[in-house]
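Trainee:
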Amino acid sequence: MAALFAAGLALHSGTAEAGRVRVHGAAAGPEGRAAGTVTAGQNERGAYARGRHVAGDRQGNVQGGSHAAVAGAAGGQAQREGSFSRNADGSAARAGSMSAHGAQGGTLASSGSVTRGADGQLDGSRSTSATGRNGNSYAGSTQVADGSVTHTATCSNAAGETIACRGH
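Numbering of the sequence shown is given in this note's numbering, commencing with residue 11 and proceeding in unit increments.
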């Protein structure tokens, strides 16, 4: 895939505008097809970069993903990534994560995944943690298995003492 992006950059270098660039490439062969796009830009407010790709074979299996990152001029940052797959037998999966850091403190992170078996069975989980600029924090997770959903959450103050979570 890296060669695909490099070839796209060489072929589409004329698409650069003031502060932005976009590169797209695609290829097909006897084993299947692949395509991808990368975009990036920058101005006085910050910068960003993102990309996505997808590939499939001739048997009906497809996989892909995407990524993005931003940085603000004041110092905040965020990123996310995700991937997916779908198989010829009907099974599928998706996973993703993200994180953010505020310019004045505070962080957020979350990741999760879900799978569907060829029989239709769904299983998945997500975990999230956040800390405010005042030091209070949240940690929670949700799981889905065998048709049941379980959620747990814990909140703490800056001293590490457990406090009530809003909305719980």
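Ideal Cβ placement from N, Cα and C applies to all residues, glycine included.
Comparing the CB of A128 with every heavy atom of the ligand MG, is any distance shorter than 7 Å?
Mentor: Within the structure as shown, the ligand MG is missing, as the structure has no ligands at all.
Trainee: Smallest Cα separation from S76: which of Q87, S107, A83?
Mentor: Measuring from the Cα of S76, the nearest candidate turns out to be S107.
Trainee: Look up D133 in the DSSP assignment and say whether it is helix, strand or coil.
Mentor: strand
Trainee: How long is the line joining the alpha carbons of G82 and E171, rounded to whole angstroms?
Mentor: 33 Å
Trainee: For R68, which residues of its own chain have a beta-carbon under 6 Å away from its beta-carbon, when the five flanking residues on both sides are left out?
Mentor: G42
Trainee: On the premise that T160 lies in contact with G150, defined as a C-beta separation below 8 Å, what is that separation, rounded to the nearest angstrom?
Mentor: Incorrect: roughly 11 Å between the Cβ atoms, too far for contact.
Trainee: For G127, report the span of its beta strand (DSSP E) as first-last.
Mentor: No beta strand (DSSP E) holds G127; DSSP gives it neither H nor E.
Trainee: Could you spell out where the beta strand (DSSP E) holding E179 opens and where it closes?
Mentor: Limits of the chain in this structure are 11 at one end and 178 at the other, which puts residue 179 out of reach.
Trainee: Between L118 and E91, what straight-line distance do the alpha-carbon atoms span, to the nearest angstrom?
Mentor: 14 Å
Trainee: Assuming contact is defined by CB atoms lying nearer than 8 Å, are S101 and R126 in contact in what I supplied?
Mentor: A contact, by the Cβ cut-off of 8 Å.
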